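Note sheet for the following structure.
In my numbering, the protein residues as written are 313 to 416.
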């Protein structure tokens, strides 16, 4: 029987809830007199199927209204002293909201 799992994420005061149906693991009935010997044996993960099939939802898969993405550009020369940065081409790209440097 499938089991409904609820996840709740809060980002900047907004709460997002996601729901997923996963197959519940089969329970094994055991007698109190029976020796328990689960340790060391393979046990299927509850979320294994969705992870392996690529249908699992991760926080990075979420899209929020007004959500922005960041891109970092680093110097290709380690320990180099940067004298100036020309951000004019980056600022003209479509969808760019801001270009942030140490100087601004």
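Heads up, the beta-carbon is just placed ideally off N, CA and C, and yes, glycines get one too.
Since the structure is predicted, the reported quantities are computational estimates derived from the model, not experimental observations.
Checklist line | Completely contained beta strand (DSSP E) runs for the segment 315 to 388, where each covers 3 or more residues | finding: 326 to 335
Check: In terms of residue numbering, what span does the alpha helix (DSSP H) encompassing residue 401 cover?
Finding: Sequence index remark: in the chain shown, residue 401 carries index 89 (1-based). Segment 400 to 404, the alpha helix (DSSP H) holding residue 401.
Note to self: So, at 6 angstroms on beta carbons, what are the nonlocal neighbours of residue 332 in its own chain, with the 5 sequence-adjacent residues on each side left out?
What the structure shows: The residue labelled residue 332 in the question sits at position 20 within the chain shown. Excluding sequence neighbours, residue 332 sits near 317.
Notebook entry, point to check: Excluding the five sequence neighbours on either side, which residues of its own chain have a C-beta within less than 8 angstroms of the C-beta of residue 418, listed in chain order?
Noted result: Outside the shown range of the chain, which is 313 to 416, sits residue 418, and nothing can be said about it.
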